[in-house]
Every structure is written in C-alpha cells, then in structure tokens.
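Numbering (full-length UniProt numbering), first residue to last: 1 to 276.
Glycine included, C-beta positions come from ideal geometry on N, C-alpha and C.
So the structure is just underneath, and the comments pick up after that.
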C-alpha cells in the first residue's frame, strides 16, 4: 500500500463525485459503469449501500479507488470495489479491502459477502487470501426471437407485487436478488403478472432485462413461468430477453434453457468471508 494513501468515508463526497469515481475505476474493466449520479443513487438505495461505511482512497489529494459497502443486519457486502487504471497493481485494492474487513469486524458483523467476475482470477485470489470462499456460481442468460403469445398478462404496481417476493422467494439468494433489494426498486422497473407468476423487468433499447421472477411453490411446474416469459416476449417484440449474471446457476439453469435461453459469457462467483 502506498504510504501516503488516505482512507475517507464516501459520505464526505457528493453523489455526483462518487458516480464519477466509480465510472473512472471501472474503465478498461470486464464491465464498464456509466457516470450517472441518478443510477448510482438508485443502486445505493436498493442495495442498502452505507456511504458512511464505504471508502474512498485518496493519494496526493486525488481519489484513486473506491469500496462501496452495503449492510443488512450483521451482514455486510462489498458491493463494488474499483481502482483507477493508473493505480492498479499497486496495492490500492488490497488496502481498501483490508480496511473494509477491519471496519466490519469492529462493527461486529458476522460475515462479509461479495461477487467477483469469474474471469477476474486476480481479484478472486486476493479475496481468497483474505479469507473469502467461493459459493454459488451466478450466471447470465439471454434469448432472442422467443415465440410470444397474447396471453392475459397484466401490469401490477410494484407495491402490489412486493407480497409475492416476501412470501415466495427462494431462501439464501444473492444480495441483488433478495426481496429487500427488489422491493426498493422504482421506475423504470415494472412488474407483470400472469396467473400467479410475477416478473420484474426493465425495458432498455434492444433488450428487456428480467430482474426477477417468482412463482408460488404450489403453482410451480404448471407452466406458469414459461407462459409469463412467452407473454413478455409478445408484449415486447423485437428485443431480446436478458437475465443479468446475478442469479444462482443451479436455481434457474434448467428452466431457462428449456425456455430457449442460453448462457452469456459473463458469470460471477458469490464469495463469503466469516468474520470472527
């Protein structure tokens, strides 16, 4: 770690500056993030990112890295860690991680979680050296040209869809799939329901992003999930359906492949570090 590196709480910076820092830190990375303060604020709200626990690393008065920490109860999550390209490979990321873990232990957190892109082997090794262990693989999927059907799908208010999340979601979901995250989503997220199946989607140019789908256990294996996907393909023609790489592969792989989806190249590992 550079001896002059300062660690400051992210809460000391305006959202616009934090959004810019994040965008700069993801330049040239496996995925890039736009400099969008509104999107940054929406993510912080939904994922319960605690800016007072999050960190900005500065060197000679200039921000060079950032670690965003989300918190729920006694569990914390490294929601994002980024280092500007000129400062990568110089210990800034390791210093941010060490400070985040030390702060979590001081708070009495019982564990820290994160997601790491599967191809980012260097980051995964760093996390493993600090005590993180790989758990479930998180996969992404997409489908183009699905045959749609004009079924009786209806849009429901996000607030009306919340009950399905709390009552019928699977247990032990990744942070971004948990009801606490999904219930905090706002427009442009929309919810659609067909019979007892409910889907949360975001329409983007050229794609309909499927954030989540819930079918009550008693209604599963009756074709309701497949029918809802078909209805969405009909309602949003000429775009591909995309599932971001935040869903547990064992939970959805068979179903989505049977519905005509294929895996995307990007995948992640969920990792957990117990905090004694």
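Per DSSP, residue 79 lies in no alpha helix (DSSP H) segment; the continuous beta strand (DSSP E) that holds it begins and ends at 75-83. Leaving aside the five residues that flank residue 64 on each side, the residues in its chain whose CB is nearer than 7 Å to its CB run, in chain order, 57, 58, 83, 84, 87 and 92. Your pair residue 209 and residue 265 does not check out as a contact, with CB atoms roughly 17 Å apart and the cut at 8 Å.
In the pairwise beta carbon analysis, the stretch 2-15 is classified as touching the stretch 35-52: at least three pairs are separated by under 8 Å. Bounds of any alpha helix (DSSP H) do not take in residue 154; it lies within the beta strand (DSSP E) bounded by 154-156.
In this model, residue 32 and residue 152 are separated by some 38 Å (Cα to Cα). By the CB criterion at 8 Å, residue 240 and residue 163 fall outside the cutoff. In the DSSP assignment, residue 213 falls within the beta strand (DSSP E) that extends over 207-214.
Here residue 29 carries a coil assignment [DSSP, helix/strand/coil]. If you draw a straight line from the Cα of residue 101 to the Cα of residue 184, it comes to about 26 Å.
By the neighbour-count definition (other C-beta atoms within 10 Å, threshold 16), residue 166 is an exposed residue. As the crow flies, the alpha-carbon of residue 268 is around 13 Å from that of residue 79. As DSSP reads the structure, residue 201 sits in a beta bridge with 190 and 210. In this structure, residue 232 places its C-beta atom within 8 Å of the C-beta atom of residue 201.
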